[in-house]
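Asker: All letters in the sequence shown, in the order written, are residues 22 to 590 by our numbering. Note that the Cβ used here is the ideal one computed from N, Cα and C, for glycine as well. Handing you a structure now.
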Amino acid sequence: MQQINVSSIKKEPRDEIRKVLSKFRSIFIQVGIFSFFINILVLAAPIYMLAVYDIVMPAKSLDTLMVVTAVIIMFFIAMGLLEYVRNKIMIIVSNKLDAAMNQRVYHAAFEMALKYPGKGTAEPINDLNTIKNFLHGPGLLSFFDAPWFPIYLGIMFAFDPIYGIYGVIATLIIILFTVVNDKVTKKGLQESIRAQKKAQQHLTNQLQNAEVVEAMGMRKPLFKRWMKEYYQFISTHTEANAKSALYTNLSKSFRMMSSSLMYGVGALLAISGHISPGMIIAGAVLLGRALAPISQMVATWKSFTAAKTSYKKLNELLNEFEEAPKKIELPEPKGNVTLVNVVTIPPLSKQAVLKNVSLHINAGEMVGVIGPSGAGKSSLAKTMLGVWKVAAGEVRLDGAEMSQYDRDTLGKYIGYLPQDIELFEGTIAENIARFTEADDARIIEAAQMAGVHEMILKMPDGYNTKIGPGGATLSGGQRQRVGLARAIFGDPKLVILDEPNSNLDDAGEKALMQALMRLKEKGTTVVFITHKIPLLNLADKIALLRDGMLAMYGPKNEVFAKLNQKGRK
Numbered sequence: 022m023q024q025i026n027v028s029s030i031k032k033e034p035r036d037e038i039r040k041v042l043s044k045f046r047s048i049f050i051q052v053g054i055f056s057f058f059i060n061i062l063v064l065a066a067p068i069y070m071l072a073v074y075d076i077v078m079p080a081k082s083l084d085t086l087m088v089v090t091a092v093i094i095m096f097f098i099a100m101g102l103l104e105y106v107r108n109k110i111m112i113i114v115s116n117k118l119d120a121a122m123n124q125r126v127y128h129a130a131f132e133m134a135l136k137y138p139g140k141g142t143a144e145p146i147n148d149l150n151t152i153k154n155f156l157h158g159p160g161l162l163s164f165f166d167a168p169w170f171p172i173y174l175g176i177m178f179a180f181d182p183i184y185g186i187y188g189v190i191a192t193l194i195i196i197l198f199t200v201v202n203d204k205v206t207k208k209g210l211q212e213s214i215r216a217q218k219k220a221q222q223h224l225t226n227q228l229q230n231a232e233v234v235e236a237m238g239m240r241k242p243l244f245k246r247w248m249k250e251y252y253q254f255i256s257t258h259t260e261a262n263a264k265s266a267l268y269t270n271l272s273k274s275f276r277m278m279s280s281s282l283m284y285g286v287g288a289l290l291a292i293s294g295h296i297s298p299g300m301i302i303a304g305a306v307l308l309g310r311a312l313a314p315i316s317q318m319v320a321t322w323k324s325f326t327a328a329k330t331s332y333k334k335l336n337e338l339l340n341e342f343e344e345a346p347k348k349i350e351l352p353e354p355k356g357n358v359t360l361v362n363v364v365t366i367p368p369l370s371k372q373a374v375l376k377n378v379s380l381h382i383n384a385g386e387m388v389g390v391i392g393p394s395g396a397g398k399s400s401l402a403k404t405m406l407g408v409w410k411v412a413a414g415e416v417r418l419d420g421a422e423m424s425q426y427d428r429d430t431l432g433k434y435i436g437y438l439p440q441d442i443e444l445f446e447g448t449i450a451e452n453i454a455r456f457t458e459a460d461d462a463r464i465i466e467a468a469q470m471a472g473v474h475e476m477i478l479k480m481p482d483g484y485n486t487k488i489g490p491g492g493a494t495l496s497g498g499q500r501q502r503v504g505l506a507r508a509i510f511g512d513p514k515l516v517i518l519d520e521p522n523s524n525l526d527d528a529g530e531k532a533l534m535q536a537l538m539r540l541k542e543k544g545t546t547v548v549f550i551t552h553k554i555p556l557l558n559l560a561d562k563i564a565l566l567r568d569g570m571l572a573m574y575g576p577k578n579e580v581f582a583k584l585n586q587k588g589r590k
């Protein structure tokens, strides 16, 4: 019997956005009903023209004129109100879509940033906004009005077949302009968008490192490099827009010409006795109304294609990063960490940085990680945290794999100080509290434990001192000390510190050692990466990494003895 490889079966791509929009089907039906009455009321204009030219003027009846004028005014007021309500409904729909999707898109964007480091952007949120803007813009409403096009043409045919044929030809030519415009400019616009993003990334990277650029006089060469990318964007953007402008203006000119010539066609038909004088004006109004949704589609074609592209990109993102199923809330961990034959391959890499690493850390133990540069120390930290997924093996916290924990719940019990400390825009208190609603006492407790309380009080606004993105207003040492307070906030069960003293002065190192001793007293599991002997002396165990493999692991004195013995040989 032939076996089926389940993993080889491709999953049918899901369309989450369509699924959400389908919930608003009844609302779209309401918009369709409003569109029906709006377009019925539009017919009041040509009927008014017929009444004025074919009834009022021949009869010279002011009473009739006043009656039909009063009626047409009421019709136009009603039409205006209906259009206002229709637009309001579409704004509500777009806001409902945003409310239903923004959290999902936000989390998917975060997952993308974790999987592809350095490529995390707010683009998915921008894509959602593009779809939202199209929903409540004039472009979508033109699709609701488009089905009335054949009805208007039918009335023109009823006036005279030549009128109808003229309307069909005019419409087909405008549609042709639209199709050609899309075909000719599509590739150029896509290249322009790519070039713009590349130029923006170059500039953002340069501005983020402005101090280095200024210090070493790199502004001029970097400007040339940015301008090279920027000129590429300008070139593709100009070419695409020039082509688009050509066909858009041709379409606009033809539309104006066809509307004007309609009067000439009507005059010929009236002279020959095929239609009445009132039908000349009525026919021109009908043609204008018939072409209105088509013209609107032409005018908003860019926003339509942008929304279509964003829709596709968002669905691809949401299919790649599926919504995580709700996980059972596991008991509060004690801090036992186990790695079994762990192999880790970093995102965007094919080479393993951890190779068959196995170790166990008991709750409350303090482990120092040492090793040469590039040995995999930071990779071990990220793997223990579950930030990097393992290619093989297991990482367990109190017997449960890290993937079994809900990250939001687990985060309360984890403290992490990375090598590159990133603080967020806000106050120092907010950063220490991880932007949760926390009691002041708990924030101060974490700061005191990290030995940073006195330093914060010396700042102009104390704990309410505002810091910029990345902690821009703080020195490297201050960022590291605030980052340490954030790591130990909330009584975590596992704290991992990556080179926690790399930017610290003597006072900072002393505060760090005191914080580690307090964590040890509280029974917190601590893993720290360092080469400083005073810190390593606090450890219960030492892990030595070489080339991604665990060369030594055991009690501190045993590992030091082995290292000293090897050093003598």
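Quick one: measure Cβ to Cβ for S394 and V374, integer angstroms, because I've assumed they're closer than 8 Å.
Answerer: About 13 Å; that fails the 8 Å criterion.
Asker: Is it buried or exposed, V27, if we count other Cβ atoms within 10 angstroms and call 16 or more buried?
Answerer: Confidence is the limiting factor: at V27 the pLDDT is only 41, short of 50, which leaves the residue's position unreliable and the question unanswerable from this model.
Asker: For F164, which beta-bridge partners are listed by DSSP?
Answerer: In the DSSP output, where bridge partners are listed per residue, F164 has none listed.
Asker: So, with DSSP's three-state summary, where would you put N362?
Answerer: Strand, per DSSP.
Asker: Inspect the beta-carbon positions of L380 and I517 and report whether they are closer than 8 Å.
Answerer: Cβ atoms of L380 and I517: not closer than 8 Å.
Asker: Mapping DSSP to helix, strand and coil, what is A413?
Answerer: Strand at A413.
Asker: Pick out whichever of K81, G158 and L135 has its Cα sitting closest to the Cα of Q114.
Answerer: Note that residue 114 is Val in the sequence shown, not Gln. Here the closest residue by C-alpha is G158.
Asker: What three-state label does DSSP hand V41 in the structure shown?
Answerer: In the structure shown, V41 sits in a helix (DSSP, three-state: H, G or I).
Asker: With distances taken between CB atoms, is the gap from L243 to Q227 smaller than 8 Å?
Answerer: Yes; because the gap between Cβ atoms is below 8 Å, this pair is in contact.
Asker: In terms of residue numbering, what span does the alpha helix (DSSP H) encompassing F549 cover?
Answerer: Careful: F549 lies outside any alpha helix (DSSP H), inside the beta strand (DSSP E) at T546 to I550.
Asker: Please list the terminal residues of the continuous beta strand (DSSP E) segment that includes I391.
Answerer: Taken as a continuous stretch (DSSP letters only), the beta strand (DSSP E) holding I391 covers M387 to I391.
Asker: Beta carbon of S509, beta carbon of A467: below 8 Å?
Answerer: The identity of residue 509 in the sequence shown is Ile, whereas the question assumes Ser. Cβ distance < 8 Å, so I509 and A467 count as in contact.
Asker: Would you list the one or two residues that DSSP bridges to E422?
Answerer: Partner(s): R417.
Asker: So I563 and D519 are in contact, right, with Cβ under 8 Å, and what is the actual spacing, rounded?
Answerer: Not quite, the Cβ-Cβ distance comes to about 16 Å (not below 8 Å), so this is no contact.
Asker: Would you tell me roughly how many angstroms separate the C-alpha atoms of S272 and M70, rounded to the nearest one?
Answerer: Their Cα atoms are separated by approximately 27 Å.
Asker: Since L515 contacts I38 with CB under 8 Å, what's their CB separation in whole angstroms?
Answerer: L515 to I38, Cβ: 38 Å. No contact.
Asker: Where Q440 and S523 are concerned, what is the direct C-alpha to C-alpha distance, given to the nearest angstrom?
Answerer: Looking at the two C-alpha atoms, the distance is approximately 8 Å.
Asker: Would A91 and L62 qualify as a contact pair, given that the criterion is a beta-carbon distance under 8 Å?
Answerer: Cβ atoms of A91 and L62: not closer than 8 Å.
Asker: In whole angstroms, what separates the C-alpha of W169 from that of A129?
Answerer: Rounded to the nearest angstrom, the two C-alpha atoms are 40 Å apart.
Asker: Helix, strand or coil, according to DSSP, for M573 in the structure here?
Answerer: Strand at M573.
Asker: Just to confirm the assignment, what range does the beta strand (DSSP E) spanning K376 have?
Answerer: Counting along the chain, the beta strand (DSSP E) containing K376 begins and ends at L375 to I382.
Asker: With a threshold of 8 Å on Cβ separation, who are the neighbours of G447 within its own chain once the five nearest residues in sequence on each side are excluded?
Answerer: Closer than 8 Å at Cβ, skipping near neighbours: F456, K487 and I488.
Asker: Just to confirm, is the Cβ distance from N485 to A459 under 8 Å?
Answerer: No.
Asker: To which residues of the same chain is T430 closer than 7 Å at the C-beta, ignoring the five residues directly before and after it?
Answerer: Hits under 7 Å: E350.
Asker: By the 10 Å Cβ neighbour count, where 16 or more other Cβ atoms means buried, how is V200 classified, buried or exposed?
Answerer: So V200 ends up on the exposed side.
Asker: Thinking just about the alpha-carbon of each residue, which of A454, M177, L438 and V358 is nearest to the one in G420?
Answerer: For G420, the nearest C-alpha among the options comes from V358.
Asker: By DSSP's criteria, G436 is part of a beta bridge. Which residues make up the other side?
Answerer: In DSSP, G436 forms a bridge with V516.
Asker: Assuming V364 and A413 are in contact, meaning their beta carbons sit under 8 Å apart, how far apart are those beta carbons, in whole angstroms?
Answerer: Between A413 and V364 the Cβ distance is about 4 Å, and since that is below 8 Å, they are a contact.
Asker: Excluding the 5 residues preceding and the 5 following S29 in the sequence, name in chain order all residues of the same chain whose CB lies nearer than 8 Å to its CB.
Answerer: Since pLDDT at S29 reaches only 41, below the 50 mark, its modelled position is unreliable, and no value is offered.
Asker: Ends of the beta strand (DSSP E) at I563?
Answerer: Residues K562 to R567.
Asker: From the DSSP secondary-structure annotation, give me the bridge partner or partners of T448.
Answerer: Its beta-bridge partners are K487.
Asker: Considering R240, what are the terminal residues of the alpha helix (DSSP H) in which it resides?
Answerer: Start and end: R240 to I292.
Asker: If we call anything under 8 Å between Cβ atoms a contact, is P79 one with V306?
Answerer: No, the Cβ-Cβ distance between P79 and V306 is not below 8 Å.
Asker: For Y127, report the span of its alpha helix (DSSP H) as first-last.
Answerer: Y127 -> alpha helix (DSSP H) spans L83 to K136.
Asker: Find the nearest neighbour of T192 within the set P171, N340 and H223, judged by alpha-carbon distance.
Answerer: Out of P171, N340 and H223, P171 has the C-alpha closest to the C-alpha of T192.
Asker: Assuming A288 and D166 form a contact by the criterion Cβ under 8 Å, report the distance between their Cβ atoms to the nearest whole angstrom.
Answerer: With a Cβ gap of about 29 Å, A288 and D166 do not count as contacting.
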